[in-house]
């Protein structure tokens, strides 16, 4: 048994990973809510968010806006806007037209779209094949509490992620737009009869989900201080896993699932010999077990379909 | 009967021309000829109907003609070991695709772990030949059984989950497989298993170029003929299974499990049988790959290959046995044909698949309604 400080430290790291996974997972769960589809290219949208943020930061640096707080705020805004719109384009082109056909079609179409996005970044981004260093803009340093080293930049990442999640929660539960999203998720036809603009609501949902992925992408760049065009593959699969173990369609479930996945990864790295190499084996095995034992997820509703 | 053979001769000429055209002019001419043929079939329903009738009336000559064409192909490709190799890969994907189609298309058991099951076959061959010293032909026969046996690990998830959730379970399986292969010592880690001995049947090593009727073929032609046998058997088995009562039962449980249960079909048994037979064929393809290439490593079986396998069966036509053959023979050589586009070819591959799904969602060769006599 490793010392308790190590476990706490790993739990802290798991929390950091978990909030990033959660932001991606919320997108998966929102899309599933309104269209009943899994948007598999969402992982690559997450990767695009990181690259859009990096580009924005480079551009801001070039025109002389160097103050970290300002540059970072502008980079977040720019990345959310651009990637959110790209998410809407992806939905219009590839997801919505196929939403009524068999799930297999959307599966293959969005997986292929993810391939297209990945290859496009690889080809068209300057030196796209190399990992890109991400500028360190968050305050350095830190303090120690109970044997756990806590860095200020980790706290900043946590704060940004929590702000993003709380704002989405407020948006969904407290605004008219959010009410429209919830209505469409419940019953698209009834929602339309009540005067909800179906296409607009679906677009909005994809904008929000993709914007969250963009935030996660930049946070991931800040956390690992490097980004790579391939990061969306595992990012997407982990985000989907988190959404599924939380219960597809449930936003809180997705957040819970993301945190759980991050914790399982880091704690298994600490508890198992050679755990850092096999942590994904443990994490995905937990996901499989979860889906078998509780197929509708932690917070998922029991539905009549599962006879 | 003559229209059948004429049609097959035209198709054969187009295939050979498409594979061997090198100069831009000849490539463009081949492309135009292919497009003209496709357009003629698309816009002249009378021609299409006549051909369909002719093929239906002369099934045996049509099959013999197709077999002769497939056997003759390496003789036309003898100047190019590379294209012989690509054609062999396409046939390997026919085998894998038939297995996957039985699972996904016929039984509705979504399996995105195709790469992992091919890898299980390939790694079994690698370990049996290099670590245990088995002859390659024996390992090639045992490899698929390993894929089938280890598929039992997923039996419970397959019965408990479906749709998106099952897709996720199988994706997780590929990632677990890849992480294990990358980190375990006895599988060689990231380097994989090297120096898998080549096949040797009746004293004929598959690395020596064969000479048939005095014509010297590249060494890869050995594997081409073996792959042709393998793909032919797999397609025949798939065809028989699809047309049997089992295929019909699997279609029923795919479309509505409750209704299937009410008709007395055992959903559990149906799904597990389809899954296991499918894994056997996928593992056979992977084992063949290991013997042909001579080494296996984790990147040969990563999640991207599951995507290729899935696109083969969906673009061909879900549940369509003939569609799998068409899909594999189109999608595997296509990126190789467009190698002159260098880095753009994977991008275009993705675009082509998305466009096909949007504009021809039923696939290129959709499944026909069963006809019982």
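Protein chains in written order, with our numbering: chain A, 77 to 383; chain B, 86 to 458.
For every residue, glycine included, the Cβ atom is placed at its ideal position computed from N, Cα and C.
Owing to the predicted nature of the structure, the values given are computational and were not obtained by experimental measurement.
Pull up the DSSP beta-bridge partners for residue i, would you.
{"i": "residue 226 of chain A", "result": "A:219"}
{"i": "residue 301 of chain B", "result": "B:296"}
{"i": "residue 278 of chain B", "result": "B:381"}
{"i": "residue 285 of chain B", "result": "B:290"}
{"i": "residue 348 of chain A", "result": "Looking at the DSSP assignment, residue 348 of chain A forms no beta bridge with any residue, so it has no partner."}
{"i": "residue 264 of chain A", "result": "In DSSP, residue 264 of chain A forms no bridge with anything."}
{"i": "residue 428 of chain B", "result": "None; residue 428 of chain B has no bridge partner."}
{"i": "residue 303 of chain A", "result": "A:208"}
If you count every other CB in all the chains shown that lies within 10 Å of the CB of residue i, and 16 or more means buried, which is it?
{"i": "residue 249 of chain A", "result": "exposed"}
{"i": "residue 330 of chain B", "result": "exposed"}
{"i": "residue 289 of chain B", "result": "exposed"}
{"i": "residue 149 of chain B", "result": "exposed"}
{"i": "residue 202 of chain A", "result": "exposed"}
{"i": "residue 453 of chain B", "result": "exposed"}
{"i": "residue 457 of chain B", "result": "exposed"}
{"i": "residue 350 of chain B", "result": "buried"}
{"i": "residue 338 of chain A", "result": "buried"}
{"i": "residue 467 of chain A", "result": "No information on residue 467 of chain A is available, as it lies outside the stretch 77 to 383 that chain A covers here."}
{"i": "residue 380 of chain A", "result": "Note that residue 380 of chain A scores a pLDDT of 43, beneath 50, so its modelled location is shaky; the value from the coordinates is reported in the next line. The residue is exposed, with fewer than 16 neighbouring Cβ atoms inside 10 Å."}
{"i": "residue 350 of chain A", "result": "exposed"}
{"i": "residue 257 of chain B", "result": "buried"}
{"i": "residue 228 of chain A", "result": "exposed"}
{"i": "residue 99 of chain A", "result": "buried"}
{"i": "residue 383 of chain A", "result": "Note that residue 383 of chain A scores a pLDDT of 36, beneath 50, so its modelled location is shaky; the value from the coordinates is reported in the next line. With fewer than 16 other Cβ atoms within 10 Å, it is exposed."}
Show which residues of chain A have a CB atom less than 7 Å away from the CB atom of residue i.
{"i": "residue 250 of chain B", "result": "320, 367 and 371"}
{"i": "residue 265 of chain B", "result": "357"}
{"i": "residue 322 of chain B", "result": "Simply none; closest approach about 23 Å."}
{"i": "residue 307 of chain B", "result": "Chain A residues near residue 307 of chain B: none, gap ~33 Å exceeds 7 Å."}
Rank the options by C-alpha distance to the C-alpha of residue i and give the top, closest one.
{"i": "residue 127 of chain A", "options": "A:293, A:316 and A:349", "result": "A:293"}
{"i": "residue 147 of chain A", "options": "A:136, A:364 and A:264", "result": "A:136"}
{"i": "residue 405 of chain B", "options": "B:204, B:280, B:167 and B:448", "result": "B:448"}
{"i": "residue 441 of chain B", "options": "A:118, A:170, A:157 and A:331", "result": "A:170"}
{"i": "residue 364 of chain B", "options": "B:303, B:319 and B:457", "result": "B:319"}
{"i": "residue 358 of chain B", "options": "B:415, B:194, B:246 and B:147", "result": "B:194"}
{"i": "residue 194 of chain A", "options": "B:436, B:452 and B:456", "result": "B:436"}
{"i": "residue 191 of chain A", "options": "A:165, A:121 and A:157", "result": "A:121"}
{"i": "residue 109 of chain A", "options": "A:285, A:133 and A:206", "result": "A:285"}
{"i": "residue 331 of chain A", "options": "A:314, A:83 and A:253", "result": "A:314"}
{"i": "residue 410 of chain B", "options": "B:392, B:451 and B:388", "result": "B:451"}
{"i": "residue 286 of chain B", "options": "B:259, B:152, B:302 and B:310", "result": "B:310"}
{"i": "residue 320 of chain A", "options": "A:227, A:351, A:362 and A:206", "result": "A:362"}
{"i": "residue 295 of chain A", "options": "A:157, A:234 and A:198", "result": "A:234"}
{"i": "residue 217 of chain B", "options": "B:239, B:272 and B:170", "result": "B:272"}
{"i": "residue 159 of chain B", "options": "B:296, B:114, B:139 and B:124", "result": "B:296"}
{"i": "residue 142 of chain A", "options": "A:196, A:264, A:214 and A:206", "result": "A:214"}
{"i": "residue 101 of chain A", "options": "A:164, A:324 and A:189", "result": "A:324"}
{"i": "residue 132 of chain B", "options": "B:170, B:234 and B:88", "result": "B:88"}
{"i": "residue 246 of chain B", "options": "B:175, B:127, B:356 and B:129", "result": "B:356"}
{"i": "residue 277 of chain B", "options": "B:100, B:438 and B:387", "result": "B:387"}
{"i": "residue 204 of chain A", "options": "A:272, A:124, A:145 and A:266", "result": "A:124"}
{"i": "residue 72 of chain A", "options": "A:140, A:134 and A:197", "result": "Residue 72 of chain A is absent from the model: chain A starts at 77 and stops at 383."}
{"i": "residue 107 of chain A", "options": "A:139, A:87, A:175 and A:265", "result": "A:175"}
Starting from residue i, find everything on chain B with Cβ-Cβ shorter than 8 Å and list it in chain order.
{"i": "residue 181 of chain A", "result": "399, 442 and 446"}
{"i": "residue 233 of chain A", "result": "In chain order: nothing, as chain B lies at least about 25 Å away."}
{"i": "residue 317 of chain A", "result": "253 and 257"}
Please find out if some non-hydrogen atom of the ligand GTP comes closer than 7 Å to the beta-carbon of residue i.
{"i": "residue 131 of chain B", "result": "Ligands in the displayed structure: none, and consequently the ligand GTP is not present."}
Against residue i, what residues of chain A qualify as contacts under a CB-to-CB distance less than 8 Å, listed in chain order?
{"i": "residue 241 of chain B", "result": "368"}
{"i": "residue 182 of chain B", "result": "By Cβ distance, chain A contributes nothing, its closest Cβ being about 14 Å from residue 182 of chain B, past 8 Å."}
{"i": "residue 246 of chain B", "result": "367, 368 and 371"}
{"i": "residue 374 of chain B", "result": "The premise fails here: residue 374 of chain B is roughly 22 Å from chain A at the closest Cβ pair, so nothing lies under 8 Å."}
Chain A partners of residue i, CB-CB under 9 Å?
{"i": "residue 396 of chain B", "result": "184, 187 and 188"}
Give the interface partners of residue i over in chain B, defined as CB-CB distance under 7 Å, in chain order.
{"i": "residue 360 of chain A", "result": "257, 260 and 261"}
{"i": "residue 196 of chain A", "result": "432"}
{"i": "residue 353 of chain A", "result": "268"}
- Between the segment 426 to 437 of chain B and the segment 182 to 191 of chain B, do three or more beta carbon pairs fall short of 8 Å? With a cut-off of 8 Å, the segment 182 to 191 of chain B and the segment 426 to 437 of chain B do not count as touching, because too few Cβ pairs lie within range.
- Message: Check whether the segment 288 to 304 of chain B and the segment 325 to 341 of chain B touch, using three or more Cβ-Cβ pairs below 8 Å as the test.
- Response: The segment 288 to 304 of chain B, when compared against the segment 325 to 341 of chain B, does not touch it at the 8 Å Cβ threshold.
- Message: Taking contact to mean 3 or more Cβ pairs, one atom from each stretch, closer than 8 Å, check whether the segment 102 to 117 of chain A and the segment 171 to 186 of chain A are in contact.
- Response: Yes: the two stretches touch, three or more of their Cβ pairs being nearer than 8 Å.
- Message: Three Cβ pairs or more, each shorter than 8 Å: is that satisfied between the segment 198 to 215 of chain B and the segment 266 to 281 of chain B?
- Response: Verdict: yes, contact present.
- At least three beta-carbon pairs within less than 8 Å, the segment 248 to 257 of chain B to the segment 362 to 374 of chain A: Pairwise C-beta distances place the segment 248 to 257 of chain B in contact with the segment 362 to 374 of chain A, as three or more of them are shorter than 8 Å.
- Inspect the CB distances between the segment 223 to 230 of chain B and the segment 252 to 267 of chain B and report whether three or more fall short of 8 Å. Counting Cβ pairs under 8 Å, fewer than three are found: no touch.
- Are the segment 204 to 213 of chain A and the segment 294 to 307 of chain A touching by the rule of at least three beta carbon pairs closer than 8 Å? They touch, by the three-pair rule.
- Check whether the segment 407 to 424 of chain B touches the segment 160 to 179 of chain B, taking contact to mean three or more Cβ pairs, one atom from each stretch, closer than 8 Å. By the criterion of at least three beta-carbon pairs nearer than 8 Å, the segment 407 to 424 of chain B is in contact with the segment 160 to 179 of chain B.
- Would you call the segment 296 to 306 of chain B and the segment 91 to 105 of chain B touching, i.e. three or more CB-CB distances under 8 Å? Contact fails: fewer than three Cβ-Cβ distances are below 8 Å.
- At a cut of 8 Å, does the segment 162 to 169 of chain B reach the segment 313 to 328 of chain B through at least three beta carbon pairs? Contact fails: fewer than three Cβ-Cβ distances are below 8 Å.
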